[in-house]
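Peer 1:
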Amino acid sequence: MEIVLVVLQAVVVIGAIVLGVRVGGVGLGLWGVVGTLILVFVFRLPPGSPPVDAFFIIIAVITASAAMQAAGGIDYLVSIASKVIQANPKRLTYVAPLVAFVFTLLSGTSNIFFALIPVIYETAYRNGQRPERALAASTVTSALGITSSPVSAAMAAYLVLMDGSGFALPRILAITIPAAIVACLVTSFVQQRIGKELLDDPVFLERVRQGRIEIPAALAEQAAARGLIAGGAASGADASGADASGAATPGADASGAAASGSTRTGKRGSDAAPASTKHIEHAVPPGGATAAWIFLTGTFLVVLLGLFPGLRPAFPTGEDGTLEPLGMSPVIEMIMFSVALAIILVRKVKPAAIVEQSLLKAGFVAAIALFGIAWMADTFISANQETIIDPLGDLIDAVPILLAVALFLVAGLTTSQSATTNTLIPIALAAGLAPGVITAMWPSLVGVWLFPANGSQIAAVETDLTGSTKLTQVPVWHSFTIPMLVSWVTVVVVGLLVQLVV
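First residue of the sequence shown? That's 3 in my numbering, and the numbers climb one at a time after it.
Next comes the structure, spelled out in C-alpha cells:
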C-alpha cells in the first residue's frame, strides 16, 4: 500500500511539472504550488521548506539587473559584445560563443543573448559564412554562463542547497568557469565543421532563387564563377535582425528577431561595398556605462566576499556561541538591492521604469517557477526519504554519472535550470555524493536546449534567413543538438577533472 501511495504522489509531482511546462511562464511555479497543496491536503504529507532564500536572492538580483537595463547598462554591454564579435569575423565561430558565455556570466541572465543574435547572424552572412555554426554554438554556450555566474537564478538556488557542505561560491566557480571555457572552445571546434558552405547548401541556393535572400558580396566572385549570379552582382546589404537604424533591440523576443531579420537590398554590382566594412551600431543611452559598471562592481563584491569569508561580519551560532561568518544568501541580497538603489540615485532612474523592464518580468517568472517547483519537490522528497529517495540515492552513489543524465533530461523537460537544481541536487546530496562531483555535473543544465522550446532557439532560427539554422520534425534533432551534446560531455568531463584539484 505504501508503494502505491508513493507512486501516486510521484504522479502528482510529474503531472504538475508537465502541466506547468505546457502552460509556461509563471504557470510552472503555480502548478508546483498546486502539486504541493495536493500532497499536503490529499496525501497528508508535511509541507517541505519553501526556498525563501533562493527566492529573495533572485528578486534582489533581477531588481539590480532591471535597474541596470532601465539606465541603459544592458545596451552598453551589448555594444561592447557587438564590437568584439564584428571585429573578429574570420574567427566568428570561436569568438561569438565565448562572448555569449562571458556576457551571460556577467549579467546573470541569458536574455542578453537575444540582442546578440542579429549581430552574429549579420557578421556571418556578410562574410559568407554559414550562420548556423556561430548561432547554434553561441545559443548553447550562453547557458553555460548561467552555472558560472555568481548572480544567476540557478546559482542562487544552488548556493542555498550547498550551504553547510563546505563548498562555497569561490570553489563552485573554480570548477564551473574553467570547465565552461573549455566546453566553449571544444564546441566551437566541432561546430566549425558542421554543415555545408553556403554556396553548396541547397536550402540557401533555393532561397536565393526564390528571391528571399541574396548572395552576400563576400561570395560574389565564387558565385559568379559557378554561374549563380550574373557579373558578380551580389547584395551588399545587411540581413540582420537590426532595426532601421542598424541597432539591435536588447531583450527582443523571437517574433521581434524574426520581424527585424528581413533582408534589405543595398548597392549592387562592382561598386558594392565590401561586406566586412559595415557594422551594426548599438546606441548606448547617456549613463549606460556607469549603470553597467555599478552592477559589475556589485557582482565583484559578491565574489570577493564569497572568496574571503573573513571580510564578512561574524555572529555567534549554536549553543556554544561559535562565531560564524554571515551566510552568502543575505550578503547577495543586501549587495544587489543596494546596487539597484545606487543605479537609481546615480542615474536618476525612475523606480516605475524598473518595474516595466523585460528582465524584471523574466526574473519574476523564474522566481515563481523556482518557488513552486522547489517547494513541491522538497515536500515529496522529505516525506519519502526511506521509500524512494534513499534507493535512488544509492543508485546515484553507485553510478554517479546518472546525476548528469538526470540533470540534463529534467532541464530539457522543464526548461528551468533553477527548478531542476532544486529538484535533483538535494537527492544527490542525500546520496552522499561529494560536493565537488555534484558541482562538476551541475552544468548538465545545458540540457535546457534539448527541445526547441526556448526563445533564443526560435529567435536564432527565425533570424537566419539563409535557412542554415533550423528545426526538424524530430523535436530533439535540430541545429542546437550537436553543440548541446558536445558542450554537455565536455563541461562534465573537464569539471570532474578540475574538481580533483580545487
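Cβ atoms here follow ideal geometry from the backbone N, Cα and C, with glycine treated the same way.
The structure displayed is predicted, hence computed values, not measured ones.
#1: Check whether the stretch 115–126 and the stretch 463–483 are in contact - that is, three or more C-beta pairs closer than 8 Å.
#2: Is the beta carbon of Ser-112 less than 8 Å from the beta carbon of Ser-81?
#3: Going by DSSP, which residues form a beta bridge with Ala-316?
#4: Could you check what DSSP says for Pro-49 in three-state terms: helix, strand or coil?
#5: Alpha carbon to alpha carbon, what distance is there between Val-494 and Val-153?
#6: Taking the alpha-carbon positions, what's the Leu-146 to Phe-103 distance?
#7: What residue range does the alpha helix (DSSP H) around Lys-352 cover?
#8: What number of angstroms, rounded off, separates the C-alpha of Phe-482 from the C-alpha of Thr-141?
#9: Look at the Cβ atom of Val-286, then the Cβ atom of Gly-74, and state whether they are nearer than 8 Å.
#10: Between the beta-carbon of Ser-418 and the beta-carbon of Ile-391, is there less than 8 Å?
#11: In chain order, which continuous runs of the beta strand (DSSP E) of length 3 or greater are located wholly inside the stretch 439–471?
#12: If we ignore side chains and look at the alpha-carbon of each, how far apart do Gly-258 and Ala-139 end up?
#13: Skipping 5 residues on each side, what residues in its chain have a beta carbon closer than 8 Å to that of Leu-79?
#14: Could you tell me the alpha carbon to alpha carbon distance between Leu-431 and Ser-446, rounded to whole angstroms?
#15: Give the range of the alpha helix (DSSP H) segment to which Thr-149 is assigned.
#16: From Pro-485, Leu-394, Leu-328 and Thr-292, pick the residue whose C-alpha is nearest to that of Ala-69; which is it?
#17: Are there three or more Cβ pairs, one per stretch, closer than 8 Å when the stretch 323–338 is compared with the stretch 26–46?
#18: Based on Cα-Cα distance, which residue from Pro-393, Val-500 and Cys-186 lies nearest to Ile-440?
#19: Which parts of the stretch 18–46 are runs of the beta strand (DSSP E), unbroken and 3 residues or longer, counting only runs that do not cross its ends?
#20: Let me know the secondary structure DSSP gives Pro-402 once reduced to three states.
#21: Assign Ser-264 to one of two classes, buried (16 or more other C-beta atoms within 10 Å of its C-beta) or exposed (fewer than that).
#22: Assuming Asp-77 is part of the alpha helix (DSSP H), what are its boundary residues?
#23: Determine, using beta carbons only, whether Ala-406 and Val-450 come nearer to each other than 8 Å.
#24: Could you tell me the alpha carbon to alpha carbon distance between Ala-222 and Ala-89, rounded to whole angstroms?
#25: Grouping DSSP H, G and I as helix and E and B as strand, with all else coil, what is Arg-195?
#26: Go ahead and label Trp-506 buried or exposed: buried means 16 or more other beta carbons lie within 10 angstroms of its beta carbon, across all protein chains shown.
#27: Go to Glu-208, then tell me how far its alpha helix (DSSP H) extends in each direction, as first and last residue.
#28: Quick one, are the C-beta atoms of Phe-161 and Leu-171 less than 8 Å apart?
#29: When DSSP labels each residue in this structure, what does Glu-388 get in the three-state scheme?
#30: Distance check for Tyr-127 and Ile-346, CA to CA, integer angstroms please.
#31: Looking only at C-alpha atoms, which of Val-491, Asp-466, Leu-502 and Gly-457 sits nearest to Val-448?
#32: Return the chain-ordered list of same chain residues with a C-beta closer than 7 Å to the C-beta of Gly-194, the five sequence neighbours on each side being excluded.
#33: Measuring only from the beta carbon, is Phe-105 closer than 7 Å to any heavy atom that is part of the ligand COA?
#34: Let me confirm a value: Val-205 is counted as buried when at least 16 other C-beta atoms fall within 10 Å, else exposed. Which label applies?
#35: Can you check which of these residues, Leu-201, Val-476 and Arg-214, is closest to Arg-228 by C-alpha distance?
#36: Please state the DSSP three-state secondary structure of Glu-283.
Peer 2: Quick look at the numbers:
#1: A contact between stretches requires three or more CB pairs, one per stretch, nearer than 8 Å, and the stretch 115–126 meets this requirement with the stretch 463–483.
#2: no
#3: Pro-327
#4: coil
#5: 21 Å
#6: Between Leu-146 and Phe-103, the C-alpha separation is close to 6 Å.
#7: Segment: none, Lys-352 is in no alpha helix (DSSP H) and carries neither H nor E.
#8: 8 Å
#9: Their beta carbons are under 8 Å apart, which means Val-286 touches Gly-74 by this criterion.
#10: no
#11: none
#12: Low confidence applies here, because Gly-258 scores a pLDDT of 39, under 50, leaving its location unreliable; read the following figure in that light. Going from the Cα of Gly-258 to the Cα of Ala-139 covers about 21 Å.
#13: Result list for Leu-79: Phe-105, Leu-108, Ser-109, Ile-114 and Ala-294, in chain order.
#14: C-alpha separation (whole angstroms): 16 Å.
#15: It is not in any alpha helix (DSSP H) - Thr-149 carries neither H nor E in the DSSP assignment.
#16: Thr-292
#17: Contact annotation: the stretch 323–338 does not touch the stretch 26–46, with fewer than three C-beta pairs closer than 8 Å.
#18: For Ile-440, the nearest C-alpha among the options comes from Val-500.
#19: none
#20: coil
#21: For Ser-264, the predicted model reports a pLDDT of 36, less than 50, meaning its position is unreliable; a value from the coordinates is still stated below. With fewer than 16 other Cβ atoms within 10 Å, it is exposed.
#22: 75–88
#23: no
#24: Cα to Cα, Ala-222 sits roughly 22 Å from Ala-89.
#25: coil
#26: The chain is shown from 3 up to 504; residue 506 falls before or after that span and cannot be answered.
#27: 204–211
#28: For the record, residue 161 in the displayed sequence is Leu; it is not Phe. In contact: Leu-161 and Leu-171 (Cβ atoms closer than 8 Å).
#29: In the structure shown, Glu-388 sits in a helix (DSSP, three-state: H, G or I).
#30: 40 Å
#31: The shortest Cα separation from Val-448 among Val-491, Asp-466, Leu-502 and Gly-457 belongs to Val-491.
#32: Position check: residue 194 holds Gln in this sequence, whereas Gly was assumed. Non-local C-beta neighbours of Gln-194 in its own chain, meaning closer than 7 Å and more than five positions away in sequence, comprise Thr-95 and Arg-135, ordered along the chain.
#33: By its list of ligands, the structure shown contains no ligand whatsoever, and the ligand COA lies outside what it can speak to.
#34: exposed
#35: Leu-201
#36: coil
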